[in-house]
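Below is one structure, written out as structure tokens; the observations come after it.
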């Protein structure tokens, strides 16, 4: 990886971490771009080179997490309701628990759901879906996201596999 790319990754991480640190002190609406860049120790131009707004930081983070989810799959993710996919989703939610819960507490949880649904829209299987199948996909996205958030809020008493069993037995 070249030095410029590595530096840009560091800057993006500093900005993201800064926003989440500040979100522990006040609402995202009350956080200014100036506060974010000062807390992150980066220049204003670095912020606007990577993001359009505070919300864009969250959307970019969610997209990066979902891109990792897709990139690291060793199978076809098109069958979004498969137990294998559901287990991996719950593991991903667990891995990024801090971010997921902070986004949830900021009343921006629907952003996670929308980006998850967009991830499925980018699969070849989506193009061949009927409207009814697309409705089921939306239902799945809402259900798995809400279930994961409740699981994270309750300190994850089940394993991802056990939670996927609960999900799968109720969704079919």
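Residue numbers (my numbering): 7 to 178.
All C-beta atoms, glycine included, are put in the ideal place defined by N, C-alpha and C.
Owing to the predicted nature of the structure, the values given are computational and were not obtained by experimental measurement.
Query raised in the report: From which residue to which residue does the alpha helix (DSSP H) around residue 21 run?
Result: Numbered from its first residue, the chain shown carries residue 21 at position 15. From DSSP, the alpha helix (DSSP H) with residue 21 extends over 9-29.
Query - residue 45 versus residue 163 - alpha carbon distance - result: Counted from its first residue, the chain shown places residue 45 at position 39. Counted from its first residue, the chain shown places residue 163 at position 157. Residue 45 and residue 163 have their C-alpha atoms roughly 35 Å apart.
Requested in this report: Could you pull out every residue in the same chain whose Cβ sits closer than 7 Å to the Cβ of residue 64, ignoring the five residues on either side in sequence?
Outcome: By one-based count along the chain shown, residue 64 stands at place 58. Correct list, in chain order: 109, 114, 117.
Requested in this report: Assuming residue 99 contacts residue 106 (C-beta within less than 8 Å), just tell me the rounded distance between them.
Outcome: Taking the chain shown and counting its residues from 1, one reaches residue 99 at position 93. Taking the chain shown and counting its residues from 1, one reaches residue 106 at position 100. Residue 99 to residue 106, Cβ: 6 Å. Contact.
**Report entry** Sufficient close CB pairs (3 or more, under 8 Å) joining the region 74-85 to the region 120-136
**Finding:** Touching, yes.
Query raised in the report: Are there 16 or more other CB atoms within 10 angstroms of the CB of residue 179, so buried, or fewer, so exposed?
Result: Past the boundaries of the shown model lies residue 179; the chain is included only from 7 to 178, so the question cannot be answered.
Report task. Within 10 angstroms of the Cβ of residue 133, are there 16 or more other Cβ atoms? Answer buried if so, exposed if not. Result -> Translated into the one-based positions of the chain shown, residue 133 becomes position 127. By the Cβ neighbour-count rule, residue 133 is exposed, with fewer than 16 other Cβ atoms within 10 Å of its own.
Requested in this report: Please classify residue 138: does DSSP put it in a helix, a strand, or coil?
Outcome: On the chain shown, position 132 is the one that residue 138 refers to. DSSP places residue 138 in helix when its eight states are reduced to three.
Query raised in the report: What are the start and end residues of the alpha helix (DSSP H) that includes residue 105?
Result: Locating residue 105 in the chain shown gives position 99, where the first residue counts as 1. Here the alpha helix (DSSP H) through residue 105 covers 103-111.
Query raised in the report: So what's residue 37 in DSSP terms, helix, strand or just coil?
Result: The residue labelled residue 37 in the question sits at position 31 within the chain shown. Residue 37 sits in coil when the DSSP states are folded into three classes, being neither helix nor strand.
Report task. Would you identify the three-state DSSP class for residue 83, choosing helix, strand or coil? Result -> Stepping through the chain shown from its first residue, residue 83 is reached at position 77. Look at residue 83 here: in three-state DSSP terms it is coil, with no helix or strand label.
Query - Rounded distance between the beta-carbons of residue 21 and residue 48, thought under 8 Å - result: Locating residue 48 in the chain shown gives position 42, counting from the first residue. Locating residue 21 in the chain shown gives position 15, counting from the first residue. In this structure residue 48 touches residue 21 by the C-beta definition: roughly 6 Å separates them, less than 8 Å.
**Report entry** Whole-angstrom distance between residue 84 and residue 167, CA atom to CA atom
**Finding:** Locating residue 167 in the chain shown gives position 161, where the first residue counts as 1. Locating residue 84 in the chain shown gives position 78, where the first residue counts as 1. Those two C-alpha atoms are separated by around 19 Å.
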